[in-house]
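>
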Amino acid sequence: FQGPGPPSGSSCPLGRRSLLTVLIVEDEMSYVEALKVTLEPEGFVVESAPDGRSGLDAFSRNMPDVLLLDLMLPDISGFDVLRQIRTKSDVPVVVVSAKSAEADIVTALELGADDYLTKPYSSRELVARIRANTRRLTEPEDAVLTAGNTVLDPSRYEMRIADSHFSLARKEFELARVLMERQGRIVTRETLLDHVWGIGWGDSKSLDQHIRRLRRRFEQVEGAPTIATVRGVGYRLEP
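Quick look at the structure:
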């Protein structure tokens, strides 16, 4: 983690005030204190827990708006915490970890993490990632989108394909939204990364994993749209 807080004089959306609650599950207290110094001036209410079990208890008790989760915890692993969280909530989960191996990143995303930051990282990037992952909580809901026999409902964060209903993870929903808004047209990988993850994030592994998960949703229902890969360019939703 680099720096005690966002750059002074920032006039970008990072400076917007917020009443969202952030739960930090992290065993290094010096790191937690540094995060509080960064997040509280941005208007976040910050709660913390030093291990996985107390983190699960704090989550159930406080129902935070976003979870910052370390993977290397002293009792149960962050992966196990994430697995249990996803059985009961779709709250945004941003993994913050020193683990940088591709296998760890892929596992976290497959378990339902919305984002993954490798330590060290800048405070400015952290706040931007939190803002991006909680945007739907602070912005007006969009209109319902349709593509063939598929309906995307922002009020429920749900996708309906014919008679089948799917509750989507946050990034899946945002990907579906961008593809459906541009159905029949090629959407570049850069456009998807920018719209869904924001701030010019270049980690394409996250995009690949979430596209794969979204495809599996469509493949479960006959007559559903398909996500075609345009090699070297991006994707196209074909109703």
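Going by my numbering, the residue at position 239 of the sequence shown is 240; the numbering climbs one at a time, nothing skipped. A virtual CB, placed ideally from N, CA and C, is assigned to each residue, including glycine.
What would DSSP say about Val-79, mapped onto helix, strand or coil?
According to the sequence as given, residue 79 is Gly; it is not Val. Gly-79: helix per DSSP, three-state reduction.
> Quick one: grab the DSSP three-state call for Asp-115.
If DSSP states are grouped into helix, strand and coil, Asp-115 belongs with coil.
> Tell me the rounded alpha-carbon separation between Arg-217 and Leu-72.
Cα to Cα, Arg-217 sits roughly 27 Å from Leu-72.
> For Gly-233, count neighbouring C-beta atoms within 10 Å of its own C-beta (all shown protein chains included) and say buried if the count is 16 or more, exposed if not.
With fewer than 16 other Cβ atoms within 10 Å, it is exposed.
> Reducing DSSP to helix, strand and coil, say where Ser-90 ends up.
In this structure, Ser-90 counts as coil in the three-state DSSP scheme.
> Give me, in chain order, the residues of the same chain whose beta-carbon lies closer than 8 Å to that of Asp-52; leave out the 5 immediate sequence neighbours on both sides.
Around Asp-52: Val-26, Asp-28, Leu-74, Pro-75, Asp-76 and Ile-77.
> Can you tell me whether DSSP reads Arg-183 as helix, strand or coil?
Three-state result, Arg-183: coil.
> Just how far apart, CA to CA, sit Phe-219 and Leu-238?
Approximately 11 Å, taken between the alpha carbons.
> Taking all protein chains shown into account, decide if Ile-187 is buried (16 or more other Cβ within 10 angstroms of its Cβ) or exposed.
Exposed.
> Quick one: what does DSSP say Ala-1 is sitting in, helix, strand or coil?
Here the chain covers residues 2 to 240 and nothing more, so residue 1 does not appear.
> Would the beta-carbon of Asp-116 fall within 8 Å of that of Val-95?
Yes. Within cutoff.
> Ala-225 and Thr-119 look like a contact to me (Cβ under 8 Å); what is the Cβ gap, rounded to whole Å?
35 Å between Cβ atoms; not a contact.
> Do the region 78-89 and the region 37-54 meet, that is, are 3 or more Cβ pairs less than 8 Å apart?
Enough Cβ pairs lie closer than 8 Å, so yes.
> In the DSSP assignment, find the alpha helix (DSSP H) that holds Gly-1 and state where it starts and stops.
Absent from the structure is residue 1, since the part of the chain shown begins at 2 and ends at 240.
> For Leu-215, is the classification buried or exposed, using 16 other Cβ atoms within 10 angstroms of its Cβ as the cut-off for buried?
Buried: at least 16 other Cβ atoms inside 10 Å.
> Could you round the C-beta distance between Ala-144 and Met-160 to whole angstroms and report it? I think they count as a contact, below 8 Å.
Ala-144 to Met-160, Cβ: 15 Å. No contact.
> Which runs of the alpha helix (DSSP H) spanning at least 4 residues fall entirely within the region 20-56, listed in chain order?
With a minimum length of 4 residues, the continuous alpha helix (DSSP H) runs that stay inside the region 20-56 are 30-40.
> Compute the distance between the beta-carbons of Thr-22 and Glu-48, then report whether it is under 8 Å.
In this structure, Glu-48 lies closer than 8 Å to Thr-22 by Cβ.
> My understanding is that Ala-102 touches Leu-83, with C-beta atoms under 8 Å, so please give their C-beta distance in whole angstroms.
The Cβ separation is near 16 Å, so there is no contact.
> Can you tell me whether Val-197 is helix, strand or coil according to DSSP?
Correct three-state label for Val-197: helix.
> The beta strand (DSSP E) that contains Glu-126, what's its start and end?
Glu-126 -> not in any beta strand (DSSP E); alpha helix (DSSP H) instead, spanning 124-134.
> From Val-128 to Glu-43, what does the alpha carbon distance come to, in whole angstroms?
About 8 Å.
> Could you spell out where the alpha helix (DSSP H) holding Glu-220 opens and where it closes?
From DSSP, the alpha helix (DSSP H) with Glu-220 extends over 205-220.
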